[in-house]
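The structure under discussion appears below in the form of structure tokens.
Numbering (our numbering), first residue to last: 140 to 290.
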């Protein structure tokens with residue numbers, strides 16, 4: 140279940156616990172083939188055009204809506220601590236092509252349980268926070284189902 144813990148006009152913070160090891164959850168956030176399975180809102184498809192997990196490099200992917208409309212998302216990794224933390228920028232039509240910042244920490248909560256804390260900052264306004272809240276909720280729900288199925 141998606142658990143937003145703090146929203147402001149400029150940021151969104153979410154905590155979620157997955158029934159999977161920290162290594163598995165971290166891999167799901169860093170491997171292109173994994174992203175294509177879950178890193179998208181429900182009903183959309185995602186194709187990873189580029190993903191290089193290295194500080195200073197980044198990712199670019201294409202989201203396709205059911206009606207065929209496409210949008211493009213890109214970002215640059217600012218910090219990577221395997222398997223503890225990811226920090227990356229996020230630029231998309233939803234951010235009006237402005238750079239936002241996503242920080243995710245991965246904490247072990249038992250042998251097969253991992254809690255993430257996701258903070259999405261530099262959002263323009265409350266409407267953007269609401270949009271991303273729904274998008275992250277959908278992504279996290281898909282990932283939870285995927286990890287549970289592959290357990």
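Even for Gly, the Cβ is constructed at its ideal location relative to N, Cα and C.
Residues of its chain near residue i, where Cβ-Cβ distance is below 7 Å and the 5 sequence neighbours each way are ignored
i, result
"residue 158", "251, 252, 286, 287 and 290"
"residue 171", "187 and 190"
"residue 106", "Beyond the ends of the chain as shown, which are 140 and 290, falls residue 106; an answer cannot be given."
"residue 284", "none"
Residue closest to residue i, alpha-carbon to alpha-carbon, out of the options
i, options, result
"residue 230", "244, 210, 247 and 222", "210"
"residue 220", "168, 156 and 212", "168"
"residue 205", "183, 198 and 223", "183"
"residue 259", "234, 196 and 246", "234"
"residue 165", "195, 222, 174 and 176", "222"
"residue 196", "249, 218 and 240", "218"
"residue 225", "248, 192 and 187", "192"
"residue 160", "249, 243, 215 and 188", "249"
"residue 214", "208, 207 and 240", "240"
"residue 198", "208, 227 and 207", "227"
Residues that DSSP places opposite residue i in a beta bridge
i, result
"residue 176", "Note: residue 176 sits in no beta bridge, so no partner."
"residue 228", "240"
"residue 210", "202"
"residue 164", "Note: residue 164 sits in no beta bridge, so no partner."
"residue 187", "200"
"residue 245", "255"
"residue 218", "226"
"residue 284", "Answer by DSSP bridge pairing: none, since residue 284 is not bridged."
"residue 271", "Answer by DSSP bridge pairing: none, since residue 271 is not bridged."
Contacts around residue i, its chain only, beta-carbon distance under 8 Å, and the 5 residues preceding and following it disregarded
i, result
"residue 271", "151, 233, 259 and 262"
"residue 237", "230, 261 and 263"
"residue 273", "180"
"residue 275", "141, 151, 153, 257 and 259"
Cβ-Cβ separation, residue j to residue i (assumed contact under 8 Å), whole Å
i, j, result
"residue 190", "residue 202", "Not a contact, Cβ separation roughly 14 Å."
"residue 254", "residue 162", "So it is not a contact: roughly 14 Å between Cβ atoms."
"residue 174", "residue 200", "7 Å"
"residue 194", "residue 216", "5 Å"
Sequence-distant residues of the same chain with beta carbon closer than 6 Å to residue i, five excluded per side
i, result
"residue 277", "180 and 181"
"residue 267", "none"
"residue 212", "200 and 231"
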